[in-house]
Ligand code: HEM
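Numbering (this note's numbering), first residue to last: 13 to 524.
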């Protein structure tokens with residue numbers, strides 16, 4: 013054996029020895045956590061724990077937690093490992109209530125990566141922890157009152173009208189449309205208008221620069237998604253930003269330019285951007301009757317420009333995709349059940365006839381529409397899991413589980429919403445599940461498309477409005493059927509934080 017071969021053999025032996033040590037450490041020390049605590053857990057593998065299929069993009073995050081829920085839900089709460097970190101999954105509605113609401117003070121953060129220094133756009137309401145979140149939530153709450161949302165109805169309605177005329181043009185030459193893209197363009201135009209003050213013209217132009225960046229926000233490598241959700245400390249340690257540099261540059265430039273334009277020309281509009289400018293200039297938002305809103309005067313710290321931009325960004329990230337996927341899945345289901353579509357069209361026609369046009373009040377009178385949207389949000393919750401992190405140790409009531417500070421918690425919404433013991437025949441799309449008596453018969457925490465507790469979605473009213481206006485606009489003019497090219501049931505995109513259809517959703521379109 014030559015000297016070089018001997019060195020090589022030694023190196024390989026050292027390498028194997030190191031691997032064995034790491035493997036043994038993982039298997040008998042790291043992966044001993046749940047066993048030692050006497051909590052049921054899913055058997056992990058080195059080195060990804062239980063999330064190998066997620067990191068390898070083999071399955072969507074929603075489907076991953078759904079499958080775990082369906083398999084192990086009877087344990088009420090159980091452990092998995094995300095890489096080396098234990099993660100607690102909660103499936104029982106009563107325990108979910110404990111985490112989200114009853115013991116909120118122990119679980120007030122999401123635990124997802126947020127670091128304003130490394131990544132300024134992560135300094136937003138969705139991601140900020142602790143006191144920073146609380147102060148901001150108090151400040152932002154007056155921007156989402158019904159009065160403020162009603163003032164923005166005109167912008168949403170205008171985008172609905174633009175959607176009708178653009179789709180009408182296409183329908184003159186084609187008998188089929190790809191609905192996912194149309195609704196993506198529609199909600200991008202709405203949110204860019206209300207949060208960034210610009211007319212993004214995506215409905216009209218399709219794939220323009222703004223649509224490109226809108227899509228880019230969600231194109232995050234699954235490894236980064238897993239790291240920022242389960243082990244944000246690694247991102248912080250290596251100073252890795254979660255938002256791509258391109259997105260950050262685009263968002264900051266767009267907001268700053270339009271804000272300066274408004275300030276220079278003294279333009280005031282009834283939208284979120286105006287309210288963010290008020291928070292920057294005065295530190296509070298004027299209430300609907302022009303008096304200062306009492307709830308926001310207790311702390312008059314003004315928002316900095318970057319803080320305001322981070323909020324506009326979170327409205328965009330949390331508000332455009334969630335509503336566009338809901339509208340998409342809604343028409344996808346209605347295209348498969350013509351009787352439900354006819355019933356909804358009848359309600360739309362009668363209400364529009366009564367009111368003369370689509371108004372906020374007309375929309376609110378459409379009770380069947382509300383059930384249809386709620387059923388869509390049940391079957392396809394746009395955020396398919398809720399995240400929390402334990403911020404103060406606690407013994408989880410009615411269990412033997414001690415939750416230490418720092419433990420990440422996942423609540424599998426898609427699993428909960430498709431649990432056959434709560435929703436019989438869960439794959440059946442049935443808006444009657446949202447009749448009053450049926451709702452009253454279910455546990456209130458068995459339906460959580462907007463989350464619950466103090467960190468519940470702040471934009472739910474606006475989300476309902478833009479989704480409903482999109483559906484009403486199209487159904488008031490067209491009839492939809494499923495094109496044979498469309499997959500049933502739908503597959504979900506693997507490397508996407510929200511629940512999104514993987515393939516195109518083609519619908520045939522006929523004027524009504
Ligand atoms: C159909 C539409 C929507 C759905 C299904 C949805 C769903 C959700 C969910 C599940 C959460 C997490 C709640 C929790 O952890 O308990 C959330 C939080 C949030 N959503 Fe929405 N959302 C929608 C529309 C919107 C819109 C239109 C906006 C803004 C304009 C928005 C802004 C936010 C923000 C800022 C948060 C973080 C709240 C906080 O942590 O204090 N969402 N949303």
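Glycine residues also receive a C-beta, built at the ideal position from the N, C-alpha and C atoms.
Throw me the rounded Cβ distance for the residue 191 and residue 519 pair, which I believe falls under 8 Å. 5 Å
Secondary structure at residue 121, three-state DSSP: helix, strand or coil? strand
Rounded to whole angstroms, what is the Cα-Cα separation between residue 307 and residue 294? Only weak support is given to the placement of residue 307: the predicted model assigns it a pLDDT of 49, under 50, and the value that follows is read from those uncertain coordinates. Those two C-alpha atoms are separated by around 14 Å.
Grab me the residues of residue 148's own chain with a C-beta within less than 7 Å of its C-beta, minus the 5 sequence neighbours each way, in chain order. 137 and 140
Could you tell me which uninterrupted alpha helix (DSSP H) segments, each at least 4 residues in length, are contained entirely in the region 61-91, listed from first to last along the chain? 64-67 and 73-84
Any idea what DSSP makes of residue 309, helix, strand or coil? Any reading at residue 309 must be qualified, since the residue scores a pLDDT of 47, below 50, and its modelled position is unreliable; the value itself is stated next. Coil, per DSSP.
By Cβ distance below 6 Å, which residues in the same chain neighbour residue 438 in space, the five residues on each side in sequence not counted? 430 and 432
Tell me the DSSP bridge mates of residue 380? DSSP lists no partner for residue 380.
How many Å lie between residue 485 and residue 241 at the Cα? 37 Å
Buried or exposed by the 16-neighbour rule on C-beta atoms within 10 Å, applied to residue 424: buried
Quick check: the Cα distance between residue 364 and residue 224, rounded to an integer number of angstroms? 35 Å
Taking DSSP as the reference, what is the three-state secondary structure of residue 304? Here the model assigns residue 304 a pLDDT of 48, short of 50, so the residue's position is not dependable, and the following value carries that caveat. Residue 304 falls in the strand class under three-state DSSP.
Name, in chain order, the residues that DSSP records as bridge partners for residue 94. 61 and 97
Is it true that the CB of residue 212 sits closer than 8 Å to the CB of residue 167? no
Own chain, CB closer than 7 Å to residue 86, minus 5 neighbours either side, in chain order: none
Which of the three DSSP states is assigned to residue 42 in this structure? helix
Per DSSP, which residues does residue 415 bridge with? Please list them. 406
For residue 303, which residues in the same chain have their Cβ closer than 7 Å to its Cβ, ignoring the five residues on either side in sequence? Residue placement at residue 303 cannot be trusted, given a pLDDT of 47 that sits under 50; the coordinates are not used to answer.
State yes or no: is the C-beta of residue 403 nearer than 7 Å to some heavy atom of the ligand FAD? The ligand FAD is not part of the structure shown, which contains the ligand HEM as its ligands.
Please name the residue, chosen from 287, 179, 283 and 503, that lies closest to residue 163 on a Cα-to-Cα basis. 283
Kindly identify the DSSP beta-bridge partner or partners of residue 188. 520
Just how far apart, CA to CA, sit residue 181 and residue 105? 47 Å
Using a Cβ-Cβ cut-off of 7 Å (strictly less than) and excluding sequence neighbours within five positions of residue 222, which residues of its own chain qualify? 200, 204, 212 and 214
Rounded to whole angstroms, what's the CA-CA distance from residue 354 to residue 385? Just pull it up for me. 15 Å
Report yes or no: do the region 51-69 and the region 80-97 share at least 3 C-beta pairs separated by less than 8 Å? yes
Are residue 66 and residue 238 touching if we call contact CB-CB under 8 Å? yes
Any heavy atom of the ligand HEM within a distance shorter than 7 Å of the CB on residue 149? yes
Between the alpha carbons of residue 528 and residue 248, how many angstroms are there, rounded? As shown, the chain starts at 13 and ends at 524. That puts residue 528 outside it, with no answer to give.
Sort out for me which residues DSSP pairs residue 53 with in a bridge. 91
What residue ranges within the region 161-209 form continuous beta strand (DSSP E) runs of no fewer than 3 residues, ordered along the chain? 188-190
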